[in-house]
Amino acid sequence: MDPIPTAPNNALLATFIDQDIAHIRRVMEPSLLGDLAGPILPPAYWRGRLNKLLDTGHLSHAQLCAVDSLLLVLTQFDPADSLPAWKTLPLGAHEKRPAHARRVR
Numbered sequence: 008m009d010p011i012p013t014a015p016n017n018a019l020l021a022t023f024i025d026q027d028i029a030h031i032r033r034v035m036e037p038s039l040l041g042d043l044a045g046p047i048l049p050p051a052y053w054r055g056r057l058n059k060l061l062d063t064g065h066l067s068h069a070q071l072c073a074v075d076s077l078l079l080v081l082t083q084f085d086p087a088d089s090l091p092a093w094k095t096l097p098l099g100a101h102e103k104r105p106a107h108a109r110r111v112r
């Protein structure tokens with residue numbers, strides 16, 4: 008049986024989460040920019056770290072906002088996470104064809 012968390016344990020967990028978020032905020036972008044050889048740590052690594060924080064289920068509103076903003080920063084570096092080009096087109100844009108290509112019935 009798991010022990011029921013007490014206030015000091017919750018405070019300690021919140022502090023640990025705050026420190027982890029601060030660390031990720033400091034080092035994620037420089038590690039993604041990397042050097043001439045590319046990123047030091049790939050976007051998938053950072054996405055996994057942020058998802059683990061979300062999975063704790065003990066995030067305050069401010070912590071959720073911080074993790075969300077880091078995920079938004081991460082999307083700038085992770086092309087696999089962005090929308091495909093065809094999804095960015097306005098509705099019906101893929102149906103526009105030249106008049107000579109349309110069939111007349």
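According to the working numbering, the stretch in the sequence shown is residues 8 to 112, in order.
Every residue, glycine too, gets a C-beta built ideally from N, C-alpha and C.
To the nearest angstrom, how far is it from the Cα of Ala-118 to the Cα of Ser-76?
Residue 118 lies beyond the range of the chain shown here (8 to 112); nothing can be said about it.
Excluding five sequence neighbours on each side, which residues of the same chain lie with their C-beta closer than 6 Å to the C-beta of Asn-16?
none
For Asp-42, which beta-bridge partners are listed by DSSP?
Gly-45
Buried or exposed: Pro-50, going by 16 or more other Cβ atoms within 10 Å of its Cβ?
buried
Quick one: give me the first and last residue of the alpha helix (DSSP H) that Gly-55 is part of.
50-62
Val-74: buried (16+ other C-beta within 10 angstroms of its C-beta) or exposed?
buried
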